[in-house]
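If you're matching positions, the sequence shown starts at 1 in UniProt numbering and goes up one per residue.
Even for Gly, the Cβ is constructed at its ideal location relative to N, Cα and C.
Remember, predicted model here, so these are calculated numbers, not experimental data.
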Amino acid sequence: MSAVNRGLRQATKSLHTRLPQRISQRSALPLLNSTFKTAAPLAPAALHARRSNFSTMASLQSAATANPSPSQHQGYDPEILDIADYVHNKPVDSELAFDTARWVFLDTLGCGLEGLQFKECTKLLGPIVPGTVVPNGAKVPGTPYQLDPVNGAFNIGAMIRWLDYNDCWLAAEWGHPSDNLGAILAVADWITRTNKAGGNIAGGKIFNIRDILEAMIKAHEVQGCLALLNSFNKVGLDHVVLVKIASTAVVSKMLGLNEKQTADAITQAWVDGQSLRTYRHTPNTMSRKSWAAGDACQRAVNLALKVLKGETGIPTVLSAPVWGFYDVLFKGKKFEFQRPYGSYVMENVLFKVSYPAEFHSQTAVEGSEKIHAQLKAMGKSAADIKEITCRTHEACVRIIDKQFKPMDNFADRDHCLQYMCSVMLVFGRLTANDYVDGSEAATSPLVESLRKKIKCVEDPQFTADYHDPALRTISNGLTVELNDGTVLPEVVIEAPLGHRLRREEAKPVIFAKYKRHLEPHYSAEKVQQLLELGQNPKKLEAMEVDEYVDLYVSESSKFVN
Numbered sequence: 001m002s003a004v005n006r007g008l009r010q011a012t013k014s015l016h017t018r019l020p021q022r023i024s025q026r027s028a029l030p031l032l033n034s035t036f037k038t039a040a041p042l043a044p045a046a047l048h049a050r051r052s053n054f055s056t057m058a059s060l061q062s063a064a065t066a067n068p069s070p071s072q073h074q075g076y077d078p079e080i081l082d083i084a085d086y087v088h089n090k091p092v093d094s095e096l097a098f099d100t101a102r103w104v105f106l107d108t109l110g111c112g113l114e115g116l117q118f119k120e121c122t123k124l125l126g127p128i129v130p131g132t133v134v135p136n137g138a139k140v141p142g143t144p145y146q147l148d149p150v151n152g153a154f155n156i157g158a159m160i161r162w163l164d165y166n167d168c169w170l171a172a173e174w175g176h177p178s179d180n181l182g183a184i185l186a187v188a189d190w191i192t193r194t195n196k197a198g199g200n201i202a203g204g205k206i207f208n209i210r211d212i213l214e215a216m217i218k219a220h221e222v223q224g225c226l227a228l229l230n231s232f233n234k235v236g237l238d239h240v241v242l243v244k245i246a247s248t249a250v251v252s253k254m255l256g257l258n259e260k261q262t263a264d265a266i267t268q269a270w271v272d273g274q275s276l277r278t279y280r281h282t283p284n285t286m287s288r289k290s291w292a293a294g295d296a297c298q299r300a301v302n303l304a305l306k307v308l309k310g311e312t313g314i315p316t317v318l319s320a321p322v323w324g325f326y327d328v329l330f331k332g333k334k335f336e337f338q339r340p341y342g343s344y345v346m347e348n349v350l351f352k353v354s355y356p357a358e359f360h361s362q363t364a365v366e367g368s369e370k371i372h373a374q375l376k377a378m379g380k381s382a383a384d385i386k387e388i389t390c391r392t393h394e395a396c397v398r399i400i401d402k403q404f405k406p407m408d409n410f411a412d413r414d415h416c417l418q419y420m421c422s423v424m425l426v427f428g429r430l431t432a433n434d435y436v437d438g439s440e441a442a443t444s445p446l447v448e449s450l451r452k453k454i455k456c457v458e459d460p461q462f463t464a465d466y467h468d469p470a471l472r473t474i475s476n477g478l479t480v481e482l483n484d485g486t487v488l489p490e491v492v493i494e495a496p497l498g499h500r501l502r503r504e505e506a507k508p509v510i511f512a513k514y515k516r517h518l519e520p521h522y523s524a525e526k527v528q529q530l531l532e533l534g535q536n537p538k539k540l541e542a543m544e545v546d547e548y549v550d551l552y553v554s555e556s557s558k559f560v561n
């Protein structure tokens, strides 16, 4: 026997000697339970699988001792069933939610149209094979494209998210629930056009805008409630996983799937490969962060369509020892839930009103605008600033505090608090064009030097208020010291203009934003028609979705090749 073989045998013998003791010790560890509906406790052997190092040997040992046979399965993870039950059986009876959804709907479409002004966005849009037109397909607003529902969901989702200007939800996980409109609108438009042409998808359903708003409310709720207490970013996953889950759930019902099939589709979304946050952080920040939500939308539609064709689900996709989502991607933790599904998220969602800026910076940019005016009144400018301290919340520090990191591209700049505040302080403005390579702001030596003078410091109270369900504020406080030693009074803003606490104040500005985004694409008459329709809830909600989308079609758009 060679020395190598003797060494391997000795190591194997030692490993087998130690394994039973290790299993016994780890079997005694307590389980973490979620605060809302949870699955039954795991058996000791399954617990060992959860606690073991993720090695080949540990996986094989767990599979041999812990995994139940198919006959032992007790059904779907309750987290999956809760979502399917909500989507199919929970009526939305909140007029506040429907009113807010209407504002979100208009704002989101406007943001998508604004995204079309950027070639980096439009180069990704259109049919996969140039020139393809799908009969009765989903139409993409602001373009001449008519696509299959999967690619249509990507197109609409990508243009909506491109400028980071649509709504926002901030909790343990962040995100933009209106991203789901990419999947919802594409599927509703395709089904409606197909059924009007003699098809019979979802029992011949013809969707109107009221149906779209209800689907949005439910998608917002699924994404937002999952985000309240569960941080996907802390395990390196991007928040678009929640877009995929929410879109899959609501699109499944729209397609006519029953409750069990919807649960199947949701499990497929959880087992699907999840995006890493790598593309949102230095040194890899890049444009994928702008189309990641579109990718999530197209995956959701694709998976739901597969279930429609008869594909089944993975009942314990979350809780399966070793191979489930919790053990593989969530460090063995179960999801926690603060509240049951209803309409809370839509009622409390945040609008990005004033600035196309990552939401944790909104109040800091608003404060910078006030300071810019104050300096001007004093006969001074941003060039007179020695340093700035930004008192802020933990999420802001973790995501967009990039004081000394290089600004290599658009994606770096629109996710850097220091850059956004500096542009406002120097120019008295912040627009999407200020993030573009070669722009006045991006090439300004004063902006570059000033951003390195802005230091972020976490205030624990701001962080606590950020997570408080009664407040959910996104506070920032700026203290400026000038070169002559003058220290200006701190400017503190707790709730941005798009916050629930300032909703009525924001509505005229939201509508003006929508109008501003329409004008580059359509004639004055068409803009007025869309504005009047948007302000007439009953007429808008009764309108069939294909007829409404047709109003946004642009056969000869100057922004699309």
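Simplified DSSP state of Arg-516, which is helix, strand or coil: helix
Those runs of the alpha helix (DSSP H) which lie wholly inside the region 385-445 and span at least 4 residues: 394-400, 410-413, 417-427
Relative to the ligand ATP, is the shortest distance from any of its heavy atoms to the C-beta of Val-426 smaller than 7 Å? By its list of ligands, the structure shown contains no ligand whatsoever, and the ligand ATP lies outside what it can speak to.
N-terminal and C-terminal residue of the alpha helix (DSSP H) that Cys-121 is part of: 119-122
Tell me the DSSP secondary structure of Trp-103 in three-state form. helix
Beta-carbon within less than 8 Å of Asp-437's beta-carbon, same chain only, minus the 5 sequence neighbours each way: which residues are those? Asn-409, Phe-410
By how many angstroms is the C-alpha of Ile-212 removed from the C-alpha of Pro-283? 39 Å
Option nearest Val-353 by Cα separation, candidates Gly-273, Glu-547, Leu-163, Gly-142: Leu-163
Write down the C-beta distance between Tyr-76 and Pro-315 rounded to the nearest angstrom, noting that I regard them as a contact closer than 8 Å. 4 Å
Per DSSP, the bridge partner or partners of Trp-190: Note: Trp-190 sits in no beta bridge, so no partner.
Alpha-carbon spacing of Thr-248 relative to Lys-196, whole angstroms: 24 Å
With Val-457 as the anchor, note down where its beta strand (DSSP E) starts and where it stops. 454-458
With a cut-off of 8 Å, do at least 3 Cβ pairs link the region 299-308 to the region 343-358? no
Residue from Gln-338, Gly-342, Leu-488 whose Cα sits closest to the Cα of His-378: It is worth fixing the name first, because residue 378 is Met in this sequence and not His. Taking only the C-alpha atoms, the option nearest Met-378 is Leu-488.
Measuring straight from C-alpha to C-alpha, what distance separates Thr-392 and Glu-490? 12 Å
Enumerate in chain order the residues of its own chain whose CB-to-CB distance from Val-560 is below 6 Å, with the five nearest sequence positions on each side excluded. Thr-122, Thr-143
Please list, in chain order, all residues of the same chain as Leu-170 whose beta carbon is under 8 Å from its beta carbon, the five residues on each side excluded. Leu-350, Phe-359, His-360, Ala-395, Tyr-466, Arg-472, Ile-474
What would DSSP say about Glu-259, mapped onto helix, strand or coil? helix
Contiguous alpha helix (DSSP H) assignments of at least 4 residues, all confined to the region 529-554: 537-542, 545-550
Assuming Asp-167 and Asp-107 form a contact by the criterion Cβ under 8 Å, report the distance between their Cβ atoms to the nearest whole angstrom. 7 Å
From the DSSP output, in three-state form, read off Trp-291 for me. helix
List the residues that DSSP assigns as beta-bridge partners of Cys-168. Leu-350
Assess, as a yes-or-no matter, whether the region 270-278 is touched by the region 235-247 under the definition of 3 or more beta carbon pairs within less than 8 Å. yes
Just the C-alpha distance for Val-104 and Ser-252, rounded to the nearest angstrom, thanks. 22 Å
Leu-430: buried (16+ other C-beta within 10 angstroms of its C-beta) or exposed? buried
With a Cβ-Cβ cutoff of 8 Å, do residue 578 and Ile-83 count as a contact? Residue numbering for the chain in the displayed model covers 1 to 561; residue 578 lies beyond these limits and cannot be assessed.
With DSSP run on the structure shown, which of helix, strand or coil describes Glu-490? coil
Which term fits Leu-551, buried or exposed, when burial requires 16 or more other beta carbons within 10 angstroms of its beta carbon? exposed
Please classify Ile-128 as buried or exposed, where buried requires at least 16 other C-beta atoms within 10 Å of its C-beta. exposed
Should the region 337-348 be regarded as contacting the region 82-97, the criterion being three or more beta carbon pairs within less than 8 Å? yes
CA-to-CA distance, Leu-308 to Lys-558, given in whole angstroms: 38 Å
Exposure of Thr-312, with buried meaning 16 or more beta-carbon neighbours within 10 Å: exposed
Select from Lys-376, Glu-532, Val-317, Ile-371 the residue whose C-alpha is nearest the C-alpha of Val-492. Ile-371
Look up Gln-198 in the DSSP assignment and say whether it is helix, strand or coil. In the sequence as presented, Gln is not what sits at residue 198; that position holds Gly. Coil at Gly-198, not helix or strand.
Name the one or two DSSP bridge partners that Gly-175 has. Trp-169
Of all the alpha helix (DSSP H) runs that stay within the bounds of the region 297-340, which reach a length of 4 or more residues? 325-329
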